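The structure appears right after this line, and notes come after that.
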Amino acid sequence: MKIKYNLICLVFISLIYTSCKKEKLSEESVFVDSTLPKNALDSYIYNNYTVPYNIDIIYKYVDRESDLTYNLVPATYDGSVRMTKLLLNFGLKPYDDITGSKAFMRAYFPKILTYIGTSSVKSNGTIVLGTAEGGKKINLYNLNNLAGNSTSISYLNKYYFHVIHHEFQHILNQTKPFPTSFNTISGVGYVGDVWNTTYVTDGAAIAAGFISPYASKESTEDFAELYSFYVTLSASEYTAYLNSAGSTPAGIAIINTKMEVVKTYMKNEFGIDMDALRANIQAKVAGLSTFDQTTLP
Amino acid sequence: MKTQYLFITVLAILLFTGCDKKKDRIFEDSPAARLNASINDAYSALNGKKTWIFSFYPGANVEYGGFNLFPNFTTSVDVTLQADYATTTQSSTFKVYAGSGPILTFDTYNSVIHYFSLPGYYTGNSTSLGIGASDSGMKGEFEFLVLSSSQDSVVLKGRKYGNVMKMRAVASDQLATIIANYKTANTKFNTYRGFAIEVNGKTLQGVPTLATVNGTSRPNRSFTLATTPSLTVSYIATDTGIEFYKEYTVEGIKVNKLTFVAATTQYPLGYYANSNNTFKMIPRLTTTP
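Protein chains in written order, with the working numbering: chain A, 2 to 298; chain B, 5 to 293.
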């Protein structure tokens, strides 16, 4: 009886296990690769960003890559071409020159750049200049106004290069943390989210030892702002900026102390001499007015 | 002994119910294959006739009425746009991609269509405020879910605000004439400041508000009628008359399309009527009768 029972059980169980055959999966992927023809800018991006730096530029509007909080429009093709050429020459190349190869930017620079035609306009009428997400992506806005302003380095710095160097510095910090001693220089002076109401002018922020109002938000922003201001401004512009109306020698002294930490960090951790980088950028900026922004090979 | 029977019974039940065959698909192909097929359908429709009349309705509540855009899908990526409200012809790009269905997007800037998506911050100038709210503007869309596509018509639904809009294919060689006719109609409608609507023995007044679009002060193609309850209608000026955003019922009469009837002494500007003349829209150049 027992044997018969066990036998029946065995048969049933083996039937249960063998009968449920797996379904064959289709060999075709549900994701179809785009077969859209490439234009001159697509090829330029592929050859000058994707292959050497592993960077992709999303210049055509993709809503899930944009900020859905705002009403945004795509960038113009012309603006995209200009930005792509400007960024390569004035943003990426200086680092290549200083480090001697493309490896540094390939390793650290954000992997995705998106272009948007307008700025993000908040409901109170103020605008957002640029944003970055998690060290992987930088969004560049207001490209549709680029054509009329693209030979003004102060405009380009304000809207683009400042943002790019700032966000890039965050990524470097995430890879190799800056010395914690930096945090103690301004210590409890960081004001968090009320930075824009605490210091309304550059001069007031400088007097308090912050290079910009935004730098007073927290130490990581302070660090990135210091770096970004230093490398995008020429020596004389930088000095003039530090002496903006309302600044004080005591505040400038604090900024200089912090800047030493930033410089030492960049030199020791990444082998980048910020003065050499600044000189390289300034040499390139001198040729901005004659730089060809629109011709693609 | 009893438990043994019970155990065998359970096993038997498992055996018979466990291996239920995979449910039959309602559609033969996989969802991904069908989505890809519908994208290809949309492409072949857009690139088939190439030239279209696009009844474009910006606004969360179609409060500005419609604008006629004239897209020409010249290649699988390039599109040229003209419109009844603008004098420019601009080229840019488009794409149909997979989302919750095939999605048509105009993905590089083209002022003809993206003007409506600009925040009010950008459409104003030193002397006048931009149209719409400073952060959202006219709330025009440039990404559309393709609800249906054929060689002659494409039905689109805006992704943010859900306005349903139609594109109608036209012969390429007639496009220039058609655009000229639409522009004439548009200019005429820009002069109208009010309408008397004769329907079912009653006369209602329709007075559109003005808005500055692309530098031109223009009555919105929309007004509210003092029916009970009140009814706001939106429409678009066409070469033959008026097309409403959707079918409206006014005083018991259903209307979706009106044809222009030429001027007479009684109607110096002419009027717009439905096919059996039960609904008349009589334009005037003043807001008050």
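Cβ atoms here follow ideal geometry from the backbone N, Cα and C, with glycine treated the same way. Just so you know, these numbers come straight off a predicted model, no measurement behind them.
Note that the C-beta distance between residue 102 of chain B and residue 30 of chain B is not below 8 Å.
Proximity of chain A to residue 111 of chain B at the Cβ level (cut-off 7 Å) is accounted for by 61, 62, 75, in chain order. One alpha carbon belongs to residue 213 of chain B, the other to residue 218 of chain A, and they sit about 46 Å apart.
Below the 9 Å Cβ cutoff, chain B contributes 95, 96, 97, 112, 113 as neighbours of residue 78 of chain A, in chain order. In the displayed model, residue 174 of chain A falls within a helix according to three-state DSSP.
Between the alpha carbons of residue 45 of chain A and residue 75 of chain B lies a distance of about 28 Å. For residue 208 of chain A, same chain residues with a beta-carbon under 7 Å away, outside a window of 5 residues either side, are 247, 248, 249, 252 in chain order.
Contact of residue 139 of chain B with chain A by beta-carbon distance below 9 Å involves 71, 72, 121, 122, 123, 124, 125, 126. For residue 182 of chain B, the closest C-alpha among the options B:252, B:51, B:14, B:87 is that of B:87.
Put simply, of A:132, A:240, A:142 the residue whose alpha carbon is nearest the alpha carbon of residue 212 of chain A is A:240. Counting the other Cβ atoms within 10 Å of the Cβ of residue 222 of chain B gives 16 or more, which makes it buried. Using a Cβ-Cβ cut-off of 8 Å, residue 73 of chain B does not count as an interface residue toward chain A, since no Cβ of chain A sits closer than that to its own.
Around the beta carbon of residue 14 of chain A, a 10 Å sphere encloses fewer than 16 other beta carbons of the protein chains shown; the residue is thus reported as exposed.
As computed with DSSP, residue 229 of chain B is found in a beta bridge with B:235. Using a CB distance cut-off of 8 Å, residue 118 of chain A counts as an interface residue toward chain B. DSSP places residue 13 of chain B in the helix class (H, G or I) of the three-state scheme. Within the stretch 75 to 91 of chain B, those residues whose Cβ lies closer than 8 Å to any Cβ of chain A are, in chain order, 79, 80, 81. For residue 156 of chain A, the nearest beta carbon of chain B is not closer than 8 Å to its own beta carbon. By DSSP's assignment, residue 136 of chain B forms no beta bridge with any residue.
Here residue 28 of chain B is exposed, its C-beta having fewer than 16 other C-beta atoms within 10 Å. Neighbourhood of residue 14 of chain A in chain B, by CB distance below 8 Å: 15, in chain order.
Runs of the alpha helix (DSSP H) spanning 4 or more residues and lying entirely within the stretch 62 to 121 of chain A occur at 78 to 87, 94 to 100, 104 to 109, in chain order. Nearest in C-alpha terms to residue 105 of chain A, of all of A:276, A:287, A:267, is A:267. Residue 286 of chain A and residue 154 of chain A do touch by the CB rule: their CB atoms are close to 5 Å apart, below 8 Å.
Taken in chain order, the members of the stretch 115 to 134 of chain B whose beta-carbon sits within less than 7 Å of a beta-carbon on chain A are 118, 121, 122, 123, 125, 126. Uninterrupted alpha helix (DSSP H) stretches at least 4 residues long and entirely within the stretch 188 to 227 of chain A occur at 196 to 199, 203 to 208, given in chain order. For residue 9 of chain A, a Cβ of chain B is located within less than 8 Å of the residue's own Cβ.
Fully contained in the stretch 39 to 85 of chain B are the following beta strand (DSSP E) runs of length 3 or more, in chain order: 56 to 60, 71 to 76.
Under the Cβ distance rule, residue 147 of chain B counts among the residues neighbouring chain A, one pair being separated by less than 8 Å. Scanning B:41, B:148, B:287, B:121 for the CA closest to the CA of residue 135 of chain B turns up B:121. The Cβ atoms of residue 203 of chain A and residue 229 of chain A lie no closer than 8 Å to each other. If you check the CB distance, residue 239 of chain B and residue 247 of chain B come in under 8 Å. For residue 169 of chain B, DSSP records a beta bridge to B:160. Look at the stretch 152 to 179 of chain A: it has no residue with a C-beta under 8 Å from a C-beta of chain B.
Classified as exposed, residue 201 of chain A has fewer than 16 neighbouring CB atoms from the shown chains inside 10 Å of its CB. The C-alpha of residue 55 of chain B lies about 10 Å from the C-alpha of residue 73 of chain B.
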